[in-house]
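Numbering (the working numbering), first residue to last: 59 to 197.
The C-beta atom is built at its ideal place from N, Cα and C for all residues, glycine as well.
Step one of this worksheet: look at the structure below.
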């Protein structure tokens with residue numbers, strides 16, 4: 059498991075279903091960063107909160123909410139744990155602006171997962187491939 063003892067408020071956040079990332083290793087994306095916090099949900103319906111450092115949110119099966127997502131700080135959404143591939147990425151991963159939030163929908167066969175990106179406007183991007191090219195999505 060992840061050691062949350064470094065956070066004085068972690069137990070309350072954990073009890074509330076909010077997970078905080080632990081220091082990760084080097085990013086494997088096209089523009090690696092020295093250290094990324096890795097934040098991964100473990101159950102459906104979680105509220106995941108980014109840190110002030112670069113965060114890599116591991117996208118998993120379920121319907122989660124991500125808060126404090128800041129691509130300009132090096133944050134990324136990592137789809138490597140979901141069955142997506144380069145040839146059908148734009149059909150499998152779609153974006154929908156909903157007020158101040160973006161809804162990311164991932165499809166594989168009959169399975170559908172959604173992630174709400176709180177206060178994140180991705181309307182300037184027309185496809186998941188553009189977000190991969192910008193270094194925001196990895197898979």
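Excluding the 5 residues flanking it on each side, residue 114 has same chain C-beta neighbours closer than 6 Å at 94, 96, 134 and 136, in chain order. Rounded to the nearest whole angstrom, the C-alpha separation of residue 124 and residue 106 is 5 Å. When the five nearest sequence neighbours on each side are left out, the beta carbons in the same chain lying within less than 7 Å of the beta carbon of residue 185 are those of 148, in order along the chain.
For the pair residue 168 and residue 152, the Cα-to-Cα distance works out to about 15 Å.
In this structure, the alpha-carbon of residue 138 lies about 16 Å from that of residue 122.
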